[in-house]
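Student: Below is the structure I would like to discuss, written out as structure tokens.
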Amino acid sequence: MIVRISGEGQFKLPDADAERLNELDNRAVAAVEQGDETGFRELWSQMLEIVASDGNAVSDEELVESDVILPPRDISFHEAKDEFSGDGLIPD
Amino acid sequence: MPGLAGRMSTVVKAKISRMLDRAEDPGETLDYGYQKQVELLQNVKKGIADVVTSKKRLQMQSQKLEQQVVKLDTQARQALSQGREDLARTALERKTLAQTELQSLDQQVKELEQQQEQLTANEQRLRQKIEQFRTKKEVIKAQYSAAEAQVRISEAANGVGEEMADLGLAMQRAEDKTENMRARASAVEELEKAGAFDDITALGSGQDDLDRQLSELTSGVQVDDELAKMKAELGPGGGESPALEQGEEKA
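In order, the protein sequences belong to chains A and B. Using our numbering, the first residue of the first sequence is number 53, and each one after it goes up by one. Using our numbering, the first residue of the second sequence is number -18, and each one after it goes up by one.
What follows is the structure in structure tokens.
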């Protein structure tokens, strides 16, 4: 699967990561709903960590669409309230 | 749907696919799409230039303030050695305020530097993708009769569209940030104009009100501590030190 971190580009990840990301995404939505910023930050950094450890940067020559677009790394908690709502970034 | 960035790119994608669907001549649409991409690239350059301008302005302010801090510190010492604790206190209050502003300016310069680096990297990536799109579009135009062509156009266009939308978002965020910093720079300029960082040799009549405001702005404790430290450094009987730099004794 192709994941984009907004502002940083696209990464190719094993499809198996989709489930892990989705789970973190759902928990992040719950954290945001509860106004738990510390919890959200922890989950968000775990999501970024998956991309960092498993992802390979998509080359600049490739024109492909992303399956998942993650918001900018330095997303504020306020912005997160818009992003991590409902189904979250990854629809179930 | 993917998040904020996703929603933005969806809008762009939708526009591009609509364009492609309606197009009688896909070749023309591809050229138009390419032209739009190149235009965006120009905007990105302007955006980066804006960030650089704001950064330079803050850096200049920061250098000015640094000089004032050194000057005010020297003057505080000189005033104290002449037994003018009141003047020394005024100078230290101004120095404290200048230092506080300086810290915040330096932090913002750092942030702008990061913004600039990120935007530049993004711009280079988009430039590559657009170049790739240009090559691809010529291939697609030449082989348009092939059954796959339509699919390939969408793929390529959507790929670039997503990249463009993402860069648009990065630019928007950079712009918001620079906007905040411009406001900050103006606020520092206002303080400067009001004479808040003037050295104490420039003190004339009518400064009483400003000084009152300054002592409210700056932390009294910090000024007291520094004053005490300076006194200790100078030791007793510092009355033989040279006269206040450029200044006259206030009657």
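C-beta atoms are modelled at their ideal positions from N, C-alpha and C, and glycine is treated no differently.
Considering only their Cβ atoms, is the gap separating K76 of chain B from Q49 of chain B smaller than 9 Å?
Tutor: On the second sequence, residue 49 of chain B is found 68 positions in, with the first residue counted as 1. On the second sequence, residue 76 of chain B is found 95 positions in, with the first residue counted as 1. Yes.
Student: Please report whether the beta-carbon of G107 of chain A lies at a distance below 9 Å from any beta-carbon of chain B.
Tutor: Translated into positions along the first sequence, residue 107 of chain A becomes position 55. No, no contact with chain B.
Student: What in chain B is Cβ-close to G61 of chain A, meaning under 7 Å?
Tutor: On the first sequence, position 9 is the one that residue 61 of chain A refers to. Near G61 of chain A (Cβ distances below 7 Å), the residues of chain B are R106.
Student: Assuming I111 of chain B is part of the alpha helix (DSSP H), what are its boundary residues?
Tutor: Against the second sequence, residue 111 of chain B aligns to sequence position 130. First-last of the alpha helix (DSSP H) with I111 of chain B: E66 to A123.
Student: Taking C-beta pairs closer than 9 Å, name the residues in chain B that L95 of chain A reaches, listed in chain order.
Tutor: Taking the first residue of the first sequence as 1, we reach residue 95 of chain A at position 43. Within 9 Å Cβ-Cβ: nothing; L95 of chain A doesn't reach chain B, min ~14 Å.
Student: Identify, in the order they occur along the chain, each residue of the same chain with its Cβ nearer than 8 Å to the Cβ of G138 of chain A, setting aside the five sequence neighbours on each side.
Tutor: For the purposes of this step, residue 138 of chain A is taken as residue 86 along the first sequence, with counting starting at 1. Within the same chain, G138 of chain A has close Cβ partners V81.
Student: Who are F63 of chain A's beta bridge partners in DSSP?
Tutor: On the first sequence, position 11 is the one that residue 63 of chain A refers to. Paired residue(s): A:V55 and A:A109.
Student: From which residue to which residue does the alpha helix (DSSP H) around L76 of chain A run?
Tutor: Counting from 1 along the first sequence, the entry for residue 76 of chain A is found at position 24. First-last of the alpha helix (DSSP H) with L76 of chain A: D69 to E85.
Student: For the beta strand (DSSP E) containing V148 of chain A, list its first residue and its last residue.
Tutor: The requested residue 148 of chain A does not occur in the structure, where chain A is confined to residues 53 to 144.
Student: Following the continuous alpha helix (DSSP H) through A177 of chain B, name the residue where it begins and the one where it ends.
Tutor: Residue 177 of chain B sits at position 196 when you count from the first residue of the second sequence. Premise fails: A177 of chain B is in no alpha helix (DSSP H) and is neither H nor E.
Student: Using 10 angstroms around the beta-carbon of S186 of chain B, count the other beta-carbons present and answer buried if the total reaches 16, otherwise exposed.
Tutor: Taking the first residue of the second sequence as position 1, residue 186 of chain B is located at position 205. Caution applies to S186 of chain B, whose pLDDT of 49 falls short of 50 and renders its modelled position unreliable; the value that the coordinates give is listed next. Exposed, because fewer than 16 other Cβ atoms sit within 10 Å of the Cβ of S186 of chain B.
Student: Around the C-beta of A137 of chain B, are 16 or more other C-beta atoms found within 10 angstroms, so that it is buried, or is it exposed?
Tutor: For the purposes of this step, residue 137 of chain B is taken as the residue at position 156 of the second sequence. With 16 or more Cβ atoms within 10 Å of its Cβ, A137 of chain B is classed as buried.
Student: Within 9 Å of any Cβ in chain A, is that where the Cβ of G(-16) of chain B sits?
Tutor: Position 3 of the second sequence, counting from 1, holds the residue named residue -16 of chain B. Model confidence at G(-16) of chain B stands at a pLDDT of 43, short of 50, so the residue's coordinates are unreliable and nothing is read from them.
Student: Would you mind telling me which residues of chain A sit closer than 8 Å to N161 of chain B, beta carbon to beta carbon, in chain order?
Tutor: Translated into the one-based positions of the second sequence, residue 161 of chain B becomes position 180. The contacting residues do not exist; N161 of chain B stays about 13 Å from chain A at best.
Student: What residues from chain A crowd round D147 of chain B, counting only those whose CB sits closer than 8 Å?
Tutor: Locating residue 147 of chain B in the second sequence gives position 166, where the first residue counts as 1. Ordered by position in chain A, the residues that pass the 8 Å Cβ test against D147 of chain B are R56, S58, G59 and I121.
Student: So D112 of chain A contacts chain B; which residues on that side make the cut at Cβ distance below 7 Å?
Tutor: The residue given as residue 112 of chain A occupies position 60 in the first sequence. Per Cβ cutoff of 7 Å: R106, Q109 and K110.
Student: Hey, how far is the Cα of D54 of chain B from the Cα of L73 of chain B?
Tutor: Here residue 54 of chain B refers to the residue found at position 73 of the second sequence. Here residue 73 of chain B refers to the residue found at position 92 of the second sequence. Those two C-alpha atoms are separated by around 7 Å.
Student: Smallest Cα separation from K210 of chain B: which of B:E66, B:E143, B:Q16 and B:L100?
Tutor: Residue 210 of chain B sits at position 229 when you count from the first residue of the second sequence. Among B:E66, B:E143, B:Q16 and B:L100, the Cα nearest to that of K210 of chain B is on B:E66.
Student: So what's L53 of chain B in DSSP terms, helix, strand or just coil?
Tutor: Taking the first residue of the second sequence as 1, we reach residue 53 of chain B at position 72. Note: L53 of chain B maps to helix in three-state DSSP.
Student: Below 6 Å CB to CB, which residues in the same chain sit around L21 of chain B once its five sequence neighbours on both sides are set aside?
Tutor: For the purposes of this step, residue 21 of chain B is taken as residue 40 along the second sequence, with counting starting at 1. Within the same chain, L21 of chain B has close Cβ partners M145.
Student: On a CA-only basis, which of B:Q95, B:V51 and B:R108 is nearest N24 of chain B? Give me that one, please.
Tutor: In the second sequence, residue 24 of chain B corresponds to position 43, counting from 1. When only C-alpha atoms are compared, the closest one is B:R108.
Student: Please list, in chain order, all residues of the same chain as V19 of chain B whose beta carbon is under 8 Å from its beta carbon, the five residues on each side excluded.
Tutor: For this step, residue 19 of chain B is matched to residue 38 along the second sequence. Taken in chain order, the residues that qualify are I111.
Student: Rounded to whole angstroms, what's the CA-CA distance from I57 of chain A to Q113 of chain B? Just pull it up for me.
Tutor: Stepping through the first sequence from its first residue, residue 57 of chain A is reached at position 5. Stepping through the second sequence from its first residue, residue 113 of chain B is reached at position 132. For I57 of chain A and Q113 of chain B, the distance between alpha carbons rounds to 21 Å.
Student: Where do the ends of the alpha helix (DSSP H) carrying D126 of chain A lie?
Tutor: Working through the first sequence from its first residue, we reach residue 126 of chain A at position 74. Run containing D126 of chain A: none; DSSP gives neither H nor E here.
Student: So, does the CB of E117 of chain A fall closer than 9 Å to a CB anywhere in chain B?
Tutor: As a working mapping, residue 117 of chain A is identified with position 65 in the first sequence. Yes, E117 of chain A counts as interfacial toward chain B.
Student: Buried or exposed for Q124 of chain B, going by 16 or more other Cβ atoms inside 10 Å?
Tutor: Within the second sequence, the letter at position 143 stands for residue 124 of chain B. Per the 10 Å Cβ criterion, exposed.
Student: Is any beta-carbon of chain A found at less than 9 Å from that of A137 of chain B?
Tutor: Along the second sequence, read from residue 1 onward, the residue named residue 137 of chain B stands at position 156. At least one chain A Cβ lies under 9 Å of A137 of chain B.
Student: If we cut at 9 Å on Cβ distances, does P124 of chain A have a partner in chain B?
Tutor: The residue given as residue 124 of chain A occupies position 72 in the first sequence. Cβ-Cβ to chain B under 9 Å: yes for P124 of chain A.
Student: Counting C-beta neighbours from all protein chains within 10 Å, is the total for P66 of chain A 16 or more, i.e. buried, or is it exposed?
Tutor: Position 14 of the first sequence, counted from the start, is the residue given in the question as residue 66 of chain A. Flag for P66 of chain A reads exposed.
Student: Using 8 Å as the cut-off, classify the Cβ of A213 of chain B as near or not near the heavy atoms of the ligand ADP, replying yes or no.
Tutor: Of the ligands one can find in the structure shown there are none, so the ligand ADP has no counterpart to examine.
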